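Taken in sequence, the protein lines are chains A and B.
Counted from 1, the first sequence has number 128 at position 129 by numbering that gives the first Met the number 0; the numbering is strictly sequential.
Counted from 1, the second sequence has number 347 at position 348 by numbering that gives the first Met the number 0; the numbering is strictly sequential.
Cβ atoms here follow ideal geometry from the backbone N, Cα and C, with glycine treated the same way.
Bear in mind the structure is a predicted one, so any value in this text is a computation, not a measurement.
Please read the structure below before turning to the comments.
There are 2 protein chains.
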Amino acid sequence: MPELIVDKSKCLKNIERMVKKARVNGLSFRPHCKTHQSAEIASWFREFNVTKITVSSFSMASYFAAAGWSDILVAFPFDPGQLTTLKKLSEKTEVSVLIDNLEVLSHLKKVSRNVKFYIDIDTGYGRTGIPAANLEQITRIIQESTANRHLTFSGFYCHAGHSYKTAVPAERTAIHQRAIADLTALKNEFSRFNPRVLYGDTPNCSTQSDFNGIDEITPGNFVFYDLIQHHLGSCNLEDIAVAVACPVVGKYPDHRRVVIHGGGVHFSKEQMVINNSLVFGQLLNPASSQWMGIQPEQYITSLSQEHGILEHCGEWMEKVSIGQILKFLPVHSCMTANLLRNYKTTDGRLITTNGT
Amino acid sequence: MPELIVDKSKCLKNIERMVKKARVNGLSFRPHCKTHQSAEIASWFREFNVTKITVSSFSMASYFAAAGWSDILVAFPFDPGQLTTLKKLSEKTEVSVLIDNLEVLSHLKKVSRNVKFYIDIDTGYGRTGIPAANLEQITRIIQESTANRHLTFSGFYCHAGHSYKTAVPAERTAIHQRAIADLTALKNEFSRFNPRVLYGDTPNCSTQSDFNGIDEITPGNFVFYDLIQHHLGSCNLEDIAVAVACPVVGKYPDHRRVVIHGGGVHFSKEQMVINNSLVFGQLLNPASSQWMGIQPEQYITSLSQEHGILEHCGEWMEKVSIGQILKFLPVHSCMTANLLRNYKTTDGRLITTNGT
Numbered sequence: 000m001p002e003l004i005v006d007k008s009k010c011l012k013n014i015e016r017m018v019k020k021a022r023v024n025g026l027s028f029r030p031h032c033k034t035h036q037s038a039e040i041a042s043w044f045r046e047f048n049v050t051k052i053t054v055s056s057f058s059m060a061s062y063f064a065a066a067g068w069s070d071i072l073v074a075f076p077f078d079p080g081q082l083t084t085l086k087k088l089s090e091k092t093e094v095s096v097l098i099d100n101l102e103v104l105s106h107l108k109k110v111s112r113n114v115k116f117y118i119d120i121d122t123g124y125g126r127t128g129i130p131a132a133n134l135e136q137i138t139r140i141i142q143e144s145t146a147n148r149h150l151t152f153s154g155f156y157c158h159a160g161h162s163y164k165t166a167v168p169a170e171r172t173a174i175h176q177r178a179i180a181d182l183t184a185l186k187n188e189f190s191r192f193n194p195r196v197l198y199g200d201t202p203n204c205s206t207q208s209d210f211n212g213i214d215e216i217t218p219g220n221f222v223f224y225d226l227i228q229h230h231l232g233s234c235n236l237e238d239i240a241v242a243v244a245c246p247v248v249g250k251y252p253d254h255r256r257v258v259i260h261g262g263g264v265h266f267s268k269e270q271m272v273i274n275n276s277l278v279f280g281q282l283l284n285p286a287s288s289q290w291m292g293i294q295p296e297q298y299i300t301s302l303s304q305e306h307g308i309l310e311h312c313g314e315w316m317e318k319v320s321i322g323q324i325l326k327f328l329p330v331h332s333c334m335t336a337n338l339l340r341n342y343k344t345t346d347g348r349l350i351t352t353n354g355t
Numbered sequence: 000m001p002e003l004i005v006d007k008s009k010c011l012k013n014i015e016r017m018v019k020k021a022r023v024n025g026l027s028f029r030p031h032c033k034t035h036q037s038a039e040i041a042s043w044f045r046e047f048n049v050t051k052i053t054v055s056s057f058s059m060a061s062y063f064a065a066a067g068w069s070d071i072l073v074a075f076p077f078d079p080g081q082l083t084t085l086k087k088l089s090e091k092t093e094v095s096v097l098i099d100n101l102e103v104l105s106h107l108k109k110v111s112r113n114v115k116f117y118i119d120i121d122t123g124y125g126r127t128g129i130p131a132a133n134l135e136q137i138t139r140i141i142q143e144s145t146a147n148r149h150l151t152f153s154g155f156y157c158h159a160g161h162s163y164k165t166a167v168p169a170e171r172t173a174i175h176q177r178a179i180a181d182l183t184a185l186k187n188e189f190s191r192f193n194p195r196v197l198y199g200d201t202p203n204c205s206t207q208s209d210f211n212g213i214d215e216i217t218p219g220n221f222v223f224y225d226l227i228q229h230h231l232g233s234c235n236l237e238d239i240a241v242a243v244a245c246p247v248v249g250k251y252p253d254h255r256r257v258v259i260h261g262g263g264v265h266f267s268k269e270q271m272v273i274n275n276s277l278v279f280g281q282l283l284n285p286a287s288s289q290w291m292g293i294q295p296e297q298y299i300t301s302l303s304q305e306h307g308i309l310e311h312c313g314e315w316m317e318k319v320s321i322g323q324i325l326k327f328l329p330v331h332s333c334m335t336a337n338l339l340r341n342y343k344t345t346d347g348r349l350i351t352t353n354g355t
């Protein structure tokens with residue numbers, strides 16, 4: 000069965016690098032835990048004095064609260080269906096939520112314990128959030144929230160996810176500069192509320208160096224990285240800290256094809272294009288006992304539910320046997336980790352998750 | 000939280016239609032359970048006197064054996080790493096496996112209980128299997144398997160998965176006709192072993208009418224169907240028996256955009272192109288209390304981990320409130336069901352799965 004292998008030493012290096020980035024720039028650090036969804040992996044951040052986290056669902060918030068995290072931001076537009084869960088969680092945990100409209104505020108006004116909220120700001124991504132220029136709507140939300148003394152406006156949150164749409168450094172920098180300009184303007188405009196500014200996706204936090212006006216960063220993927228992040232220039236291939244271990248189940252030398260047990264229910268169907276071909280994972284050197292010997296240019300090029308297919312296989316395939324375990328870097332580690340639900344450390348120990 | 004709703008009455012109709020198709024064509028019926036992965040849903044097939052099933056992993060085989068199924072085909076190239084599980088399972092259950100090479104036979108020869116095997120035949124799909132014309136390799140596998148009296152050659156298996164690659168009826172029929180011609184030739188060539196021929200993906204089993212030479216069909220997806228199957232002409236939209244229920248979490252009337260809680264970890268990232276746009280799900284009529292009123296032309300056009308985005312939204316969005324539950328037909332029901340792990344029936348009862 001396919002397994003997700005995690006290299007803790009690589010994770011610790013990735014965490015340390017981001018911790019330093021935050022420290023150098025005078026930023027508070029609230030890592031996103033949706034990538035790993037694991038209490039044990041979250042605990043690795045404590046070694047770096049991280050005390051607060053970001054998650055993307057109330058299911059994750061409840062899981063990490065039970066694991067002892069006392070300051071949790073649910074960085075997802077608040078769903079009124081989660082009001083009961085929010086009330087329960089906020090009895091013992093400092094829970095922050097995101098808002099970008101007045102309608103949801105009418106539900107949130109029912110909280111009876113202290114709940115902080117951040118206003119979700121759109122600086123050009125176009126997914127959720129209030130456009131930074133819409134001061135009127137922001138003002139109304141802040142004003143109306145005062146009807147409940149338990150509800151506290153704490154600042155602005157921005158996920159500049161369009162950073163994922165370009166691998167060109169100058170374009171990324173332009174996206175980032177616009178975001179921090181927009182957020183700084185809001186911070187000044189609403190300075191009487193002393194708002195905090197929360198920001199940060201993995202590509203920007205990994206590649207940018209100007210965080211003027213930002214108070215806190217919330218990247219998540221960087222703990223593992225993956226092929227998409229490598230393509231975006233966020234990391235080196237050697238920084239990728241997870242790999243999927245899959246048994247070989249078919250060899251077709253006449254067609255230079257190898258088939259593995261490792262499909263869409265393991266890798267996810269997240270895809271990217273490399274060398275004009277769809278790619279779902281990259282083979283690590285099967286001849287190396289090293290974790291991270293990169294086998295040049297050998298990719299999973301199609302996936303069905305349980306099958307992964309490697310085409311145009313090089314000479315390495317002559318030495319591979321049926322049942323042999325091959326390891327692959329995932330295209331998108333968050334999606335892969337969510338599917339595989341558990342990790343094995345490089346020394347074979349099980350690490351569980353919210354999905355275990 | 001997103002939930003997967005299943006309409007049992009639609010499933011029963013889908014099952015009944017396929018049962019009749021099998022009966023009319025004199026075929027035995029061994030439905031694939033990888034689509035639903037649920038003992039309860041598998042039990043619905045018993046009402047139609049189905050007594051044997053297909054699965055795609057030993058994890059599923061163990062789960063369904065525990066649920067009382069006594070004749071299970073693991074329709075996936077045998078992985079030597081599963082030998083211990085196979086030995087244990089075959090103590091109490093009739094387990095059949097797939098083979099397409101001699102190397103794996105050396106592992107399978109170690110079984111000490113009766114295990115049937117089918118030879119996986121490639122009739123043009125190009126994923127796994129021995130090309131139908133390679134009589135030499137087929138002969139060698141059959142001969143060498145006789146070294147262990149517990150190992151019984153039972154016939155040929157073919158998944159003509161290239162049926163998914165065309166929505167043109169004549170092209171589909173050509174794929175199907177070549178497959179049944181190839182399989183019939185093998186059946187005649189190896190008639191001294193009295194081989195059974197197992198065949199069938201959902202597109203071919205739903206749309207073809209000539210099954211000459213086939214003994215048993217093994218489709219799976221048809222129990223639910225989905226948008227891909229509808230696109231392929233396998234079903235009507237009204238036949239699709241699962242929908243994902245997702246709360247609205249964002250409304251952006253200026254941009255005609257609605258955002259739901261329902262992302263890649265719920266729908267999967269399986270995508271298709273409709274009207275030149277990537278699609279990840281189709282909205283059902285939000286104004287209808289009916290399960291299956293189709294809202295014309297409103298699709299999920301992008302997904303991140305937890306967010307689903309609907310763009311170019313019609314007038315319906317004016318009437319939608321934050322927190323309201325919308326329902327969506329999935330692109331690929333097998334992947335969606337695998338992610339959501341549980342079902343709710345239309346009357347709100349929970350149905351569990353192998354992944355619960």
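Exposed or buried, which one is Gln36/A when buried takes at least 16 other CB atoms within 10 Å?
Here the question's residue 36/A lines up with position 37 in the first sequence. That one is buried.
What are the boundary residues of the alpha helix (DSSP H) that Gly263/A is part of?
Locating residue 263/A in the first sequence gives position 264, counting from the first residue. If you look at Gly263/A, you'll find it in the alpha helix (DSSP H) that goes 263-266.
Ile308/A touches chain B at which residues, Cβ-Cβ below 8 Å?
Taking the first sequence and counting its residues from 1, one reaches residue 308/A at position 309. Within 8 Å Cβ-Cβ: Arg126.
Taking C-alpha atoms, which residue in Arg348/B, Met271/B, Glu93/B lies nearest to Gln53/B?
Residue mapping note: residue 53/B aligns to position 54 of the second sequence, counting from 1. The amino acid occupying residue 53/B in the given sequence is Thr; Gln does not appear at that position. When only C-alpha atoms are compared, the closest one is Glu93/B.
Please classify Ser190/A as buried or exposed, where buried requires at least 16 neighbouring CB atoms within 10 angstroms.
Residue 190/A sits at position 191 when you count from the first residue of the first sequence. When all chains shown are included, Ser190/A counts as exposed.
Ranges of the alpha helix (DSSP H) found wholly within the region 84-172 of chain A, counting only runs of at least 4
Taking 4 residues as the shortest admissible run, the region 84-172 of chain A contains the following complete alpha helix (DSSP H) segments, listed from N- to C-terminal end: 101-107, 134-144.
Residue range of the alpha helix (DSSP H) that Ile324/B falls in?
Here residue 324/B is taken as the residue at index 325 of the second sequence, counted from 1. Premise fails: Ile324/B lies in the beta strand (DSSP E), 324-329, not in any alpha helix (DSSP H).
By the DSSP assignment, the alpha helix (DSSP H) with His31/B in it spans what residues?
Taking the second sequence and counting its residues from 1, one reaches residue 31/B at position 32. No alpha helix (DSSP H) contains His31/B, which DSSP labels as neither H nor E.
Between Ile321/A, Thr345/A, Met0/A, Phe266/A, which has its C-alpha nearest Met334/B's C-alpha?
Taking the first residue of the second sequence as 1, we reach residue 334/B at position 335. Residue Phe266/A is the option with its Cα nearest to Met334/B.
Given this structure, state the Cα-to-Cα distance separating Leu11/B from Val222/B, to the nearest angstrom.
Translated into positions along the second sequence, residue 11/B becomes position 12. Translated into positions along the second sequence, residue 222/B becomes position 223. Distance from the CA of Leu11/B to the CA of Val222/B, rounded to the nearest whole angstrom, comes to 8 Å.
Counting only beta-carbon separations shorter than 7 Å, does Pro79/A have a partner in chain B?
On the first sequence, position 80 is the one that residue 79/A refers to. Chain B, which has a Cβ nearer than 7 Å to the Cβ of Pro79/A, makes this yes.
Listing by chain order, which chain A residues have their CB less than 7 Å from the CB of Phe327/B?
The count along the second sequence starts at 1 and reaches residue 327/B at position 328. Here the premise fails: no neighbours, minimum Cβ distance about 16 Å.
Work out the CA separation of Arg22/A and Lys51/A for me, nearest whole Å.
Numbered from 1 along the first sequence, position 52 holds the residue referred to as residue 51/A. Numbered from 1 along the first sequence, position 23 holds the residue referred to as residue 22/A. A direct Cα-Cα distance of roughly 15 Å separates Lys51/A from Arg22/A.
Contacts around Tyr298/A, its chain only, beta-carbon distance under 8 Å, and the 5 residues preceding and following it disregarded:
Counting from one through the first sequence, the residue named residue 298/A turns up at place 299. Taken in chain order, the residues that qualify are Ile273, Ser276, Val278, Phe279, Gly280, Gln281, Leu282, Leu309.
When you compare each of Ala184/B, Lys20/B, Pro1/B, Ile4/B to Thr217/B by their alpha carbons, which one comes out closest?
Taking the first residue of the second sequence as position 1, residue 217/B is located at position 218. It is Lys20/B whose Cα lies nearest to the Cα of Thr217/B.
Supposed close pair Ala244/B, Ile40/B - CB separation, criterion 8 Å:
Counting from one through the second sequence, the residue named residue 244/B turns up at place 245. Counting from one through the second sequence, the residue named residue 40/B turns up at place 41. Between the beta-carbon of Ala244/B and that of Ile40/B there is about 18 Å, and that puts the pair past the 8 Å contact cut.
Look at the alpha carbon of Gln323/B and the alpha carbon of Cys312/B, and state the distance between them as a whole number of angstroms.
Numbered from 1 along the second sequence, position 324 holds the residue referred to as residue 323/B. Numbered from 1 along the second sequence, position 313 holds the residue referred to as residue 312/B. Straight-line Cα distance between these residues: approximately 16 Å.
What residues from the region 93-108 of chain A come within 8 Å of chain B, judged by C-beta to C-beta, listed N to C?
Answer in chain order: Asp99, Asn100, Glu102, Val103, His106.
Identify the continuous beta strand (DSSP E) that holds Phe75/A and give its terminal residues.
The sequence position of residue 75/A within the first sequence is 76, counting from 1. Unbroken beta strand (DSSP E) run through Phe75/A: 70-76.
Mark Lys318/B as exposed unless 16 or more other C-beta atoms lie within 10 angstroms of its C-beta, in which case mark it buried.
On the second sequence, position 319 is the one that residue 318/B refers to. Around the C-beta of Lys318/B, fewer than 16 other C-beta atoms lie within 10 Å, and the residue is accordingly described as exposed.
If contacts are defined as beta-carbon pairs under 8 Å, then Asp121/B and Pro130/B qualify, I think. What distance do you get, rounded to the angstrom?
Counted from its first residue, the second sequence places residue 121/B at position 122. Counted from its first residue, the second sequence places residue 130/B at position 131. 5 Å between Cβ atoms; contact.
Chain B partners of His161/A, CB-CB under 8 Å?
Taking the first sequence and counting its residues from 1, the one referred to as residue 161/A is at position 162. Scanning chain B for C-beta atoms nearer than 8 Å to the C-beta of His161/A yields nothing, as the closest lies near 12 Å away.
Taking only beta carbons into account, state which residues of the region 142-170 of chain A come closer than 8 Å to chain B, listed in chain order.
Only Gly160 from the region 142-170 of chain A bring a Cβ to less than 8 Å from some Cβ of chain B.
To the nearest angstrom, report how far apart Glu215/A and Val18/A are at their CA atoms.
Indexing the first sequence from 1 puts residue 215/A at position 216. Indexing the first sequence from 1 puts residue 18/A at position 19. Cα to Cα, the separation comes out at about 11 Å.
Which whole-angstrom value is the C-beta distance of Gln176/A and Thr201/A, which I expect to be below 8 Å?
Translated into positions along the first sequence, residue 176/A becomes position 177. Translated into positions along the first sequence, residue 201/A becomes position 202. Actually they are not in contact, since the Cβ atoms of Gln176/A and Thr201/A sit about 18 Å apart, beyond 8 Å.
State the start and end residues of the unbroken alpha helix (DSSP H) segment that holds Lys9/B.
The count along the second sequence starts at 1 and reaches residue 9/B at position 10. Secondary structure note for Lys9/B: its alpha helix (DSSP H) is the uninterrupted segment 7-23.
Output needed for Lys357/A: all residues of its chain with C-beta closer than 6 Å, excluding positions within five of it in sequence on either side, in chain order.
Any answer about residue 357/A is impossible in this case: the structure gives chain A only from 0 up to 355.
Excluding the 5 residues flanking Leu82/A on each side, which residues of the same chain have their C-beta closer than 7 Å to its C-beta?
Walking along the first sequence from the start, residue 82/A turns up at place 83. Within the same chain, Leu82/A has close Cβ partners His106, Lys109.
Could you tell me if Val167/B is buried or exposed, where buried requires 16 or more neighbouring beta carbons within 10 angstroms of its beta carbon?
The residue given as residue 167/B occupies position 168 in the second sequence. Val167/B is classed as exposed because its beta carbon has fewer than 16 other beta carbons within 10 Å across all chains shown.
Members of the region 237-250 of chain B near chain A, C-beta cut-off 9 Å
Residues of the region 237-250 of chain B that bring their beta carbon within less than 9 Å of a beta carbon in chain A comprise Pro246, Val247, Val248, Gly249, Lys250, in sequence order.
Member of Asn13/A, Gly307/A, Leu97/A, Val241/A whose CA lies at the smallest distance from the CA of Ile350/A:
As a first step, residue 350/A must be located in the first sequence, where it is residue number 351. Closest by alpha carbon: Val241/A.
With burial defined as no fewer than 16 other Cβ atoms inside 10 Å of the residue's Cβ, what is the status of Ala132/B: buried or exposed?
The residue labelled residue 132/B in the question sits at position 133 within the second sequence. The residue in question, Ala132/B, is exposed, as its Cβ has fewer than 16 Cβ neighbours within 10 Å.
Could you say which of Tyr163/A, Pro285/A, Thr145/A, Ala184/A lies nearest to Gly232/A if we only look at CA atoms?
Here residue 232/A corresponds to residue number 233 of the first sequence, with the count starting at 1. The closest CA to that of Gly232/A, considering only Tyr163/A, Pro285/A, Thr145/A, Ala184/A, is found on Tyr163/A.
Under a CB-based cut-off of 7 Å, is Ser55/A close to chain B?
For this step, residue 55/A is matched to residue 56 along the first sequence. Cβ-Cβ to chain B under 7 Å: yes for Ser55/A.
Among the residues of its own chain, which have a CB less than 7 Å from the CB of Cys32/A, if the five just before and after it don't count?
Here the question's residue 32/A lines up with position 33 in the first sequence. Cβ within range, chain order: Ala41, Ile52, Thr53, Val54, Met59, Phe63, Gly219.
So Pro329/B and Asp181/B are in contact, right, with Cβ under 8 Å, and what is the actual spacing, rounded?
Within the second sequence, the letter at position 330 stands for residue 329/B. Within the second sequence, the letter at position 182 stands for residue 181/B. Taking C-beta atoms under 8 Å as the contact rule, Pro329/B and Asp181/B fail to qualify, at a distance of about 33 Å.
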